[in-house]
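Structure record follows, encoded as structure tokens.
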């Protein structure tokens, strides 16, 4: 059969229409719930970024993601992910962007695990590579 094709401009038009539709739905629903005209995502952006008041929700030190959030979310995978980063150059192309992302977010005073949660699978990938390397070393050392 013949496949349909869409131009970049056509796709962009569809995305813009859907974006306006979705924003309209969220404004409608939240305005009804809060009994005032409200676009919650814009209010969060305005409060946190433009007014720079995110610190009113609490602050943590620059290193908090690396010394508290990641160790508590990754547990044993955290040191393994660091080992995986050291022993396999291929994993660095995945972990460097995640580390850069976390470093950038570390500059913000208000920190929450949910802000960097999308990086956790990359650290698990690195930890799995470390486990694979250690398993291979174990097999090598136990050869008869």
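Residue numbers (UniProt numbering): 1 to 144. Built from N, CA and C at the ideal position, the CB exists for glycine as well.
Asked	Found
Could you give the DSSP three-state label for residue 109: helix, strand or coil?	coil
Using CA coordinates, which residue listed in 100, 5, 135, 97 is at the minimum distance from residue 80?	135
Roughly how many angstroms separate the alpha carbons of residue 37 and residue 99, rounded to a whole number?	39 angstroms
Spatial neighbours of residue 180 within its chain, please: C-beta separation below 7 angstroms, excluding the five flanking residues on both sides.	With the chain covering 1 to 144 only, the question about residue 180 has no answer from this structure.
Along the chain, where does the alpha helix (DSSP H) that runs through residue 34 open and close?	8-34
For residue 24 and residue 61, I'd like the C-alpha separation in whole angstroms.	38 angstroms
Near residue 58, which residues of its chain fall below 8 angstroms by C-beta distance, leaving aside the five closest residues on each side in sequence?	110
Express the C-alpha separation of residue 54 and residue 78 in angstroms, rounding to a whole number.	28 angstroms
Output the distance between the C-alpha atoms of residue 74 and residue 124, rounded to the nearest integer angstrom.	8 angstroms
Can you name the start and end residues of the alpha helix (DSSP H) that residue 48 belongs to?	Premise fails: residue 48 is in no alpha helix (DSSP H) and is neither H nor E.
Please classify residue 143: does DSSP put it in a helix, a strand, or coil?	coil
Suppose the cutoff is 6 angstroms on Cβ atoms and the five residues either side in sequence are ignored; what does the same chain contact list for residue 87 look like?	133
Nearest by alpha-carbon distance to residue 85: which of 66, 30, 42, 129 is it?	129
What are the uninterrupted segments assigned as alpha helix (DSSP H) that are 4 or more residues long and contained completely in the segment 54-89, given in chain order?	70-74, 77-87
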